[in-house]
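Trainee:
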Amino acid sequence: MEDIRSSFGYIYFFNQEENTWYQHDRVAKDWGGQLASIHFDEENEYVINVCKQQLQPPFSFFAGGRRVGPGVKDWIWTDGSGWDFEQWASGEPNNFDKFEDTLQIYVDPESDHLKKR
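In this text, residue positions in the sequence shown follow UniProt numbering: the first is 1, and each later residue adds one.
This is how it looks when you write it as structure tokens:
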């Protein structure tokens with residue numbers, strides 16, 4: 001596990017190992033946590049800014065969102081909190097290759113904005 005930050009009542013662990021969403025989800029649960037759920041703009045900006053301190057652009061990271069079921073349009077947070085914040089990139093989520101069932105967040109170095117895919 002990498003850097004630990006506390007904000008918005010949560011502790012964030014940054015794991016820079018190259019794993020799948022499911023592997024990162026398992027590691028988070030093994031440590032007694034969850035992949036991050038993001039519920040408002042300030043939290044979104046905080047997570048992105050901390051990631052920018054840890055990672056060199058372009059980069060992406062996993063968050064705790066997943067589809068309710070394969071190919072289903074509805075999403076949930078794995079921590080059980082309500083799905084109340086979205087900031088999808090244009091055309092997303094598009095279920096590319098029928099395999100986009102988990103949330104990976106990309107930071108676009110051109111526009112410096114968060115894009116969820």
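Note that beta-carbon positions come from the ideal geometry of N, C-alpha and C, so glycine has one too.
According to DSSP, is residue 54 part of a helix, a strand, or is it coil?
Mentor: Of the three classes helix, strand and coil, the one that applies to residue 54 here is helix, per DSSP.
Trainee: State buried or exposed for residue 77, treating a residue as buried only when at least 16 other CB atoms are found within 10 Å of its CB.
Mentor: Counting Cβ neighbours within 10 Å, residue 77 comes out buried, since at least 16 surround it.
Trainee: Pick from 24, 80, 75: whose alpha carbon is nearest that of residue 92?
Mentor: The candidate whose alpha carbon is nearest that of residue 92 is 75.
Trainee: Can you tell me which of 107, 59, 68 puts its alpha carbon nearest to the alpha carbon of residue 18?
Mentor: When only C-alpha atoms are compared, the closest one is 59.
Trainee: For my contact list, residue 69 and residue 36 are in at a C-beta cut-off of 8 Å; report their separation, rounded to the angstrom.
Mentor: At roughly 22 Å, the Cβ-Cβ gap does not stay under 8 Å, so residue 69 and residue 36 are not in contact.
Trainee: Quick check: the Cα distance between residue 103 and residue 21, rounded to an integer number of angstroms?
Mentor: If I take the Cα positions, the gap works out to 8 Å.
Trainee: With respect to the beta strand (DSSP E) encompassing residue 63, which residues constitute its N-terminal and C-terminal limits?
Mentor: Its beta strand (DSSP E) spans residues 59 to 67.
Trainee: Buried or exposed for residue 61, going by 16 or more other Cβ atoms inside 10 Å?
Mentor: Looking at its Cβ environment, which holds 16 or more other Cβ atoms inside 10 Å, residue 61 is buried.
Trainee: Report the three-state DSSP secondary structure of residue 104 (helix, strand or coil).
Mentor: Three-state result, residue 104: strand.
Trainee: Helix, strand or coil: how does DSSP classify residue 13 here?
Mentor: Strand.
Trainee: On a CA-only basis, which of 79, 54, 55 is nearest residue 66? Give me that one, please.
Mentor: The option with the nearest alpha carbon to residue 66 is 79.
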